[in-house]
Amino acid sequence: MHPLFSRFVLAYGDLYDEMEISFDAVKQFEIVGNFDFPLEKNLVFKAKEALRMAFPQYAEELEGIRVEILKNIPQGAGLGGGSANAGVFLREVGKRLGISQENLLQIASKVGSDVAFFVSGYESANVSGVGEVIQEFVEPSHYVYEIFTPPFACDTKGVYQAFDECALPLQIKLDFLNLSSIDLLCRYSLEELNDLYLPACKIYPQLLEVAQDLGEGWFFSGSGSSFFRIKGIKER
643 MHPLFSRFVL AYGDLYDEME ISFDAVKQFE IVGNFDFPLE KNLVFKAKEA LRMAFPQYAE
703 ELEGIRVEIL KNIPQGAGLG GGSANAGVFL REVGKRLGIS QENLLQIASK VGSDVAFFVS
763 GYESANVSGV GEVIQEFVEP SHYVYEIFTP PFACDTKGVY QAFDECALPL QIKLDFLNLS
823 SIDLLCRYSL EELNDLYLPA CKIYPQLLEV AQDLGEGWFF SGSGSSFFRI KGIKER
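Just so you know, we're using this note's numbering here: the sequence shown kicks off at 643 and counts up by one.
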């Protein structure tokens with residue numbers, strides 16, 4: 643966990659994961675999907691375990707769940723794909739079992755820094771602490787995003803370690819809390835909006851080439867490796 647001061651938004655667009663949750667479907671909890679990492683590394687599994695620890699009375703129901711995930715959001719892309727899966731899982735299972743959102747948010751913050759945002763159901767929020775402090779931000783419009791992910795991933799832990807080693811001050815600008823996302827993108831540069839960009843470039847210097855090739859108007863997402871820009875306004 644690392645302290646955050648961030649604007650989180652649901653990035654509507656062509657890139658998204660698909661997940662189906664089936665209850666009373668198996669005798670032992672199961673995740674099926676197009677990924678090759680061990681079950682215990684999956685944030686959805688960690689979310690299930692956190693639920694089981696918090697509510698042992700639901701252990702049997704939790705073991706009967708089957709989750710099928712079609713992964714389209716790349717790993718190590720700084721897009722929160724795994725966190726989104728875990729957050730939606732907690733939200734849907736919470737509805738089924740009658741667990742309050744307050745309890746789900748507490749559980750989510752133990753699973754990962756980004757997970758609680760996806761439990762909240764907000765479309766945009768200022769997020770601080772280690773991800774557990776979530777303040778809804780009402781945007782004037784919601785946007786469709788264009789996302790470019792280069793053919794390499796960034797190791798989140800490594801990027802944060804590089805940030806610590808650079809001894810760069812966390813850029814806490816109070817106007818961040820009040821400006822809309824579109825205003826932030828218009829007023830600040832890529833480097834000013836993401837403290838992790840330069841530390842990531844220190845580890846992955848090819849990011850500098852990617853940014854140069856993309857040109858102006860692109861921004862760095864999370865700990866990378868993805869870049870994004872606003873494509874248009876989302877129709878309601």
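The C-beta atom is built at its ideal place from N, Cα and C for all residues, glycine as well.
Give me the DSSP bridge partner(s) of Y830. Y830 is not bridged to any residue.
With the cut-off set at 9 Å, would you say Y787 and K873 are in Cβ contact? Cβ atoms of Y787 and K873: closer than 9 Å.
Does DSSP classify L646 as helix, strand or coil? L646 falls in the strand class under three-state DSSP.
Decide yes or no for the touch test of the region 704-713 against the region 660-673: beta carbon pairs closer than 8 Å, at least 3 of them. The region 704-713 makes contact with the region 660-673: 3 or more CB pairs, one atom from each, lie closer than 8 Å.
Is it the case that the Cβ atoms of L732 and V757 are separated by a distance below 9 Å? Between L732 and V757, the CB-CB gap stays under 9 Å.
Output the boundary residues of the beta strand (DSSP E) element that contains K844. First-last for K844: Y839 to I845, but that is the alpha helix (DSSP H), not the beta strand (DSSP E).
Mind checking who I707 pairs with in its DSSP beta bridge? Per DSSP, none; premise fails for I707.
For F861, which residues in the same chain have their Cβ closer than 8 Å to its Cβ, ignoring the five residues on either side in sequence? Only residues of its own chain outside the window of five on either side were considered, and among them L827, L832, L835, N836, F869, F870 and R871 have a CB closer than 8 Å to the CB of F861, listed in chain order.
List the DSSP bridge partners of I741. In DSSP, I741 forms no bridge with anything.
Is the region 796-808 close to the region 676-691, with three or more CB pairs under 8 Å? The answer is no - the region 676-691 does not touch the region 796-808, with fewer than three Cβ pairs under 8 Å.
Measure the C-alpha to C-alpha separation of N863 and A719 and round it to an integer number of angstroms. The sequence shown places Ser at residue 863, not Asn. Distance from the CA of S863 to the CA of A719, rounded to the nearest whole angstrom, comes to 8 Å.
Determine the direct distance from the alpha carbon of Q848 to that of V730, and round the result to whole angstroms. V730 and Q848: Cα-Cα distance of roughly 33 Å.
For L712, write down the residues that DSSP places opposite it in a beta bridge. Answer is E660.
Between D806 and E702, what straight-line distance do the alpha-carbon atoms span, to the nearest angstrom? Those two C-alpha atoms are separated by around 42 Å.
Which residue's Cα is closest to the Cα of N727: P698, G763, F697 and E744? Residue G763 is the option with its Cα nearest to N727.
For F607 versus R649, is the C-beta spacing smaller than 9 Å? Since the displayed the chain opens at 643 and closes at 878, residue 607 lies outside it and no answer follows.
Contact check, G723 vs L646, beta carbons under 9 Å: Taking 9 Å as the Cβ cut-off, G723 and L646 do not qualify as a contacting pair.
Neighbourhood of V761 by C-beta, 6 Å cutoff - its chain only, sequence neighbours within 5 removed: Taken in chain order, the residues that qualify are G729, L732, R733, L746, L747 and A750.
What does V651 pair with, by DSSP beta-bridge criteria? Beta-bridge partners assigned by DSSP to V651: S766.
Where S725 falls, given that 16 or more other Cβ within 10 Å makes a residue buried: Buried is the call here.
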